[in-house]
Amino acid sequence: MSGTSVDGLDAALLEIDGSARDATWSLLAFRSEPYSDRRRAQIRECIERGSPARLSRLHVDLGEWMAEAALALLEQAGVPAGDVRAIGSHGHTVWHIPPASGYRGATLQLGDPATIAERTGVAVVADLRMRDMAVGGQGAPLVPFADRILFALPRRRRALQNLGGIGNVTWLPERDSGYEVLAFDTGPANTLLDLAAERATHGRLRCDVDGELARQGTVDEPLVARLMTDPFFNQEPPRSTGRERFGKAFLDAVIAERPQATVQHWADLLATLTQFTARSVGDAYRRWLVPRGVDEVVLTGGGRHNTELVRRITSELAPIPVAAPETLGLDPDAREAAAFAVLAWAHLLGVAGNVPAATGAAAPRVLGSLTPAAGGRCPDPWALPPAEP
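When you line the sequence shown up against numbering that gives the first Met the number 0, it's residues 0 to 388, in that order.
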């Protein structure tokens, strides 16, 4: 998994058995590989100023980096590549266009699956979003299918709030209740905070570590209220968004309203953006989830390490309790990588991996395309007997 925060690659090794209804699983290993400054700059430059040449180069380079991460994970776990049925690769999203005004959506994830298969010798299931979008879906979020298998509880309604570059939530009904899962993007999470911290420190920091900068500032509440008037927040689920909406251009517009380049200015800006992020989460819950009932919230993703952001989100969600991430039964940072392993497993079983109630798709579909393992037996087409007339 390579997320919108552009901070690195997460790789999870799962052992899964059974069916989607009664699956048993265990996380055998997890590894996070931070991107070097050069790799991070290459991805961001491609997103912000992509050309056909840059996109093509990044596609194969990401394939190489993802293969490196997979092989490092297998070495860490002491598991031979031959024991792995498939690698589920999300790729890196460079652009995402949700459906709108009668037009179906479009999305582009880079990270060449053929390169991953050749370097690892393992089959790869990739391009997991497009089939959902082909039947009118948002192509996101795709984690709800896996979330229900991995994290639904018998007698509790649980909300999993991911704080990656973009925030998204999965609402899980009680296990075996028969109720539909609900999932959607809540709005910005780390993307705006990371960009602002980097600019505030002239590149010295890539993120607001532990929310320290935000903690020193004063929130501009009128600005938070104005930012919350963005039409995205009035859009009913299914809905999805990305850096295209809450990224550099959005931040530039906010900064243009507050041009004083002082230390206090940046602290106030970080405080305001942190509160805006927390407010967007709280607003989503109050509108769409509280009426369904929420017994606990679990925070996942890189934003859970920002204690100031967590404090503000906890305040926005009160009185709903925010549970310790360890209650998930795995390293919470592994959640999204584990989800795409589950989606690869579903592809191999021929099981639909999208949740139409979450994505808006017209029907359930098996997700992804399979690239066979390198070295697998491929028949010589010229050696086959002639077809019957």
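Ideal Cβ positions, reconstructed from N, Cα and C, are used throughout, including at glycine. Bear in mind the structure is a predicted one, so any value in this text is a computation, not a measurement.
Closest by C-alpha distance to residue i, when choosing among the options
i	options	result
L159	N353, A322, L347 and P363	A322
N167	P221, V296, R56 and A71	V296
R147	L366, A357 and A373	A357
G210	A196, L13 and S279	A196
P140	I86, G77, S239 and L171	S239
F29	H304, E335, L369 and F249	E335
D16	A362, A351, S368 and A340	A340
L272	E235, G186 and N353	G186
G367	I312, L212 and V123	V123
T370	I254, G110 and L162	G110
L268	V293, V289 and D219	D219
F245	L308, E47 and M65	E47
Local conformation of residue i per DSSP, three classes
i	result
R242	coil
H264	helix
N167	strand
S100	coil
N233	helix
I312	helix
G87	strand
G138	coil
E211	helix
E325	helix
P187	strand
V289	helix
H201	coil
A182	strand
T3	coil
V93	strand
Beta strand (DSSP E) segment containing residue i, residue limits
i	result
E14	G7 to D16
Q160	R157 to L162
A125	V123 to A125
W24	T23 to P33
E295	E295 to T299
L109	A105 to L109
T370	S368 to T370
Inter-residue Cα distance where the pair is residue i and residue j
i	j	result
F275	R103	30 Å
S51	D175	With the sequence shown as reference, residue 51 is identified as Pro, and Ser is not the correct amino acid for it. Roughly 47 Å separates the two Cα atoms.
S314	V78	43 Å
T3	G216	26 Å
A248	Y178	39 Å
R364	V121	24 Å
M129	C206	31 Å
F183	P98	14 Å
S279	D251	19 Å
L70	V223	44 Å
L13	R214	38 Å
G163	L191	11 Å
D294	V180	15 Å
Buried versus exposed, by CB contacts within 10 Å (16 or more), residue i
i	result
N233	exposed
D36	exposed
L398	Nothing in the structure corresponds to residue 398, since the chain is present only between 0 and 388.
G90	buried
D21	exposed
A345	buried
S100	exposed
D82	exposed
G301	buried
Q415	A question about residue 415 goes unanswered here, because the residues of the chain that appear run from 0 up to 388.
R84	exposed
S1	buried
A333	buried
R154	exposed
Span of the alpha helix (DSSP H) around residue i
i	result
A113	P112 to T119
V59	P51 to A76
8 Å Cβ cutoff, residue i in contact with chain C
i	result
H89	Looking for chain C here will not work: only one protein chain is present.
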